[in-house]
Amino acid sequence: MAFAAKLSSLTDELIQVITSTTTQEKSNQEQNYPQTDRVRFDALRESSLRKLRQHNFLRTNQFDVYSALDGYEERFRVLNRDGVADALRSRLDALAQYSNKWAPDVLDLLLKLADQPVQKSKLDDLELLRGSEDNLELKLKWGDIAKEEGWDKDRELWRNVDFGGHSSEDEYDQESDASARSENTSLSSIEARYRKQPTNYLERFQGRLDLEEIRKSQAWRMRKRPRIPTADHEKTVITQIQAIREILFMLGGLQNSLFDSQGKFLLDIQLSYASWQIFGSLMVSANDAGRRLSLLRQYVKQKQKIPLLQAFQAAIEAHLRSFDDTIGSLQADYASISHDFVASVIKLLDNLDPHLRPLNSLAEIIKELEESKNSPPFHYLELLFDSAQALQLGSDEGAYRLISQLFFECFAVYLQPIRCWMEEGELMDGDKIFFISRSPVDVSWSQAWVDQFKLKKTPQGLLFAPRFLQPAASKIFTTGKSIVILKLLGKHWPTQEKAPEPTTQVDMGAVSSLVPFSEVFKGMFDQWMQSKHHAASTTLKQTLFQTYNLSSDLDMLQHIYLMSDGSRSGQFADAVFNNIDLFNLNWDDRFNLTEIAREAFDGLIEPYRLDVSMLRNNATLDVKDVRRTVRKGLPAIRITYQIPWLSRIVLTDESLAQYQLVFTFLLQLRRASHVLVRHRIISDGVADATAEQDIFYGIRSKLLWYCNTLQSYLSTLVLGPLASNFLEELRQAEDIDQMLTSHSTFTKRMLDDACLGRKLDPIREAILDIFDLAIRLRDVRQIELERETEESQELSRLSIMSSPKKGSPQKYIGASDEEDDTFLGKQDRSMMMQDAEIPYRQALGEIRSDLDRHLKFICGGLRGVARASSSESASKWDILAEMLELGI
């Protein structure tokens, strides 16, 4: 409310002053202005208040505007630019005579649009504001008069007059000479104009005054310098041209009098007609450029023994030589008198800036390279690559093109060992920068691919190669190894002539700056790799599949280790199990096992390529211990399938060891199934089975279901699909490394899906425990058979003594009915039995409870691991758990 009352009172006062009307009615004698019109006053008052309340924009403060202009005038005079200040004042005074209400707003707009007027204002720009003159009439000029009167053709009229004393005789001679010259019409006006006068042949005597001027101009070099110079110390004044000379000497790496030996600017020197602060800032810029150039010149003087670093030094030296040529051109221009010029340190630094910026970027690379003393020789290539990318993002076109061109020049040297490796499969002697090394020990041909050559690694485990080249390192490594293997096969013919490599030199001037530098390099290197491409990988792959029949070897591995042919594998396994059950002490004889295996796979595999042996630590195992569990004896059986050396490149010893693990697991599964099928029910129409028999056959059927379920899972969901996918990937592989990767992936997936991985060790142990339960069930039943046999014999003896009766029929066939009773009778059966002191019904109960407990643990463990794992095998584990839960 206070603001509204104040606004109302001020509005009333404003209306009274402007319109000479008031709200008080007075007589004409009491007032000197017209009579008040109350209605008019109220209308003006209401309209004025409405406009003031609805006005959204404040008016420009003209006092601030004129104060700012006065401030600019004062700054111009402080900076010794009185001409600009006078021009500003004269125009402000002229504007004041024609000013209107919009003048402050226009001036305020110009002030806001101004861009550093103190530094950028020039008097010459005022000439551009002058319009054409209103009077377009031609003005009279001396040139027009001379043309009209014919003076322009009379060259003698404009000759200089000799006003020296002369006699009448001299005048006569001059007149005679003049007449002679006028008569001589053979010389053109141009020749007469440039004809030498006698005064032109006079030699100027260099007197003592000129020598003193030279000494005075160079006296500042011999000045006595203060011990501790400061900015406030008395200064020695030099000219612009002297400062330019010393700066050019400093940038050229020469001694000078403006900077000390460490390259620091001397504080006791002052530039004429310039403040010391401005001169100091210019010298700081020049000093920074000189320091960077000095770093480059010191680096090129170092002795390098590595060709890659020598190429880098040569490239830097070439660019420094080009910069020195630029300095020489500038020195020639300053020393020439053919044209006029203005000596300016600022202009010099501006002219040198495009040449210095690329060298400054190069100096930063050298500085970083010097700081990393233990870096590999190719580290500067990484720095050049990173710097080129940064400069491209920073829109520094000149520096970007120089650094990128320098990178390609040096990278061409690094490509030499790569080319030798990819074309000839050889390593250059004494080369320490290549990322491939050769084993000092010769290896067998089958190990040449894996062990003969290795990729160098840093102590941190990284590849010993530039970062930008690491994605292609695997392809380079594979191509060279393919050449090595083809040489061993006698199928490689080296090229007679080496083609030049123009593709490694990229013309950065022809490449658009919008293309990322990484893509420029990738395009160049891919083109270079394509030029080195040959049929090495394709030839080696065809040799593997056609000459050495790799597909057939893979099929044999599936028959032998993965038991894809159940009948042949069953024949081998049953023969081994029978020897164990018969307590054959020579069951593990390697000659006997080899003969069994060759008979089982007769007609499918050449006999000489198949051998079976036992591990050495199995020599102390007793056949009685082997008969009681699947954990002893069976894991010691080793099947060896002889593979050609070229196929062994893909089928490595590590992968064959994984095949052996699967073979052992399948053999243990077959052992449990073999024990269970030995006892079967004899159906003779009699249904008086005891409770113990019901429990026994219930456990037996559950164990058979468990073994069959596990066998179905392995054959239909694991081994079969994985083998089929692996063979398809193997045919599509481009080189040996891809084959190795596919085979390694296949064997790893096979172990994981079959629950043989390290993560599933507890589950695998529970599976083997169930296998042992099948053997224990056999032993428990064998004990009961012996007890029943003894009782039957005792009853038979008693019945014969009393009255003979027909014996009760037998409801099952035990192991004793199929085995050699003569042989078993000779064995110590008490050591074979594990549960001789436990009642038969109690032993069956323990087996049944252990079976249920192991099944629950396996199912729960598989479910948990499947949920916690993100591997591809998790779905298979979940399926196996679901299959086994049906029997719980």
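When we follow UniProt numbering, the leftmost residue of the sequence shown carries the number 1, and every step to the right adds one.
Glycine is no exception: its CB is placed at the ideal position from the N, C-alpha and C atoms.
In this text, all values refer to a predicted model and were calculated from it rather than measured experimentally.
Contact check, residue i vs residue j under 8 Å by CB: the rounded distance?
i	j	result
Leu489	Thr538	At roughly 14 Å, the Cβ-Cβ gap does not stay under 8 Å, so Leu489 and Thr538 are not in contact.
Ser121	Val65	Between Val65 and Ser121 the Cβ distance is about 18 Å, and since that is not below 8 Å, they are no contact.
Phe726	Phe746	4 Å
Ile643	Ala597	Incorrect: roughly 16 Å between the Cβ atoms, too far for contact.
Asp431	Pro417	5 Å
Ile699	Leu777	6 Å
Measure the C-alpha to C-alpha separation of residue i and residue j and round it to an integer number of angstroms.
i	j	result
Glu423	Gly480	7 Å
Gln392	Leu330	29 Å
Ala473	Val623	54 Å
Asn61	Arg91	20 Å
Leu756	Gly861	14 Å
Gln16	Ser8	12 Å
His559	Tyr641	11 Å
Tyr697	Glu734	56 Å
Glu364	Arg357	11 Å
Leu79	His319	41 Å
Glu654	Asp752	16 Å
Met524	Arg291	35 Å
Leu248	Leu352	10 Å
Lys522	Gly398	22 Å
Phe665	Leu585	23 Å
Tyr33	Phe63	In this predicted model, Tyr33 has a pLDDT of only 44, less than 50, meaning its place in the structure is not dependable; the value taken from the coordinates is given anyway. Between Tyr33 and Phe63, the C-alpha separation is close to 33 Å.
residue 892	Leu704	This structure leaves residue 892 out entirely; the chain is present only between 1 and 888.
Arg787	Ser569	36 Å
Cys420	Leu427	7 Å
Phe823	Asn579	Unreliable positioning characterises Phe823 in this predicted model, as indicated by a pLDDT of 43, which lies under 50. The coordinate reading is nonetheless provided below. Those two C-alpha atoms are separated by around 12 Å.
Would residue i and residue j qualify as a contact pair, given that the criterion is a beta-carbon distance under 7 Å?
i	j	result
Glu73	Leu88	yes
Val883	Thr709	For the sequence presented, residue 883 should be read as Met rather than Val. Yes, they are a contact pair.
Phe378	Ile316	no
Ser361	Ile403	yes
Glu368	Leu384	no
Gln389	Phe517	yes
Ser48	Thr11	yes
Leu730	Ser744	no
His674	Ala766	no
Gln668	Leu634	yes
Val345	Leu282	yes
Mapping DSSP to helix, strand and coil, what is residue i?
i	result
Met614	strand
Lys305	coil
Lys457	strand
Leu880	helix
Tyr561	coil
Trp151	helix
Glu497	Because Glu497 carries a pLDDT of 46, less than 50, the predicted location of this residue cannot be relied on, and the following value inherits that uncertainty. Coil.
Leu296	helix
Phe259	strand
Leu489	helix
Leu676	helix
Leu49	helix
Leu462	coil
Phe771	helix
Thr60	coil
Ile682	With a pLDDT of 49 at Ile682, under the threshold of 50, the modelled position of that residue is not reliable, and no figure is offered here.
Using only the heavy atoms of the ligand GDP, determine whether one of them is closer than 6 Å to the beta carbon of residue i.
i	result
Thr709	Absent from the structure shown: the ligand GDP. Ligands present: none.
Tell me where the alpha helix (DSSP H) around residue i begins and ends.
i	result
Leu349	Val345 to Glu371
Thr652	Unbroken run through Thr652: none, as it is neither H nor E.
Val106	Ala103 to Leu113
Arg848	Tyr840 to Ala868
Lys6	Ala2 to Thr19
Ala274	First-last for Ala274: undefined, no H or E at that position.
Tyr548	It is not in any alpha helix (DSSP H) - Tyr548 carries neither H nor E in the DSSP assignment.
Ile580	Gly566 to Asp581
Ser712	Ala691 to Ser712
Considering residue i, what are the terminal residues of the beta strand (DSSP E) in which it resides?
i	result
Gln270	Ile269 to Leu271
Arg438	Ile436 to Arg438
Tyr641	Ile637 to Tyr641
Val237	Thr236 to Ile238
Could you tell me whether the Cβ of residue i comes closer than 7 Å to any Cβ of chain B?
i	result
Leu383	Checking the listed chains, one finds no chain B in this structure; it contains a single protein chain.
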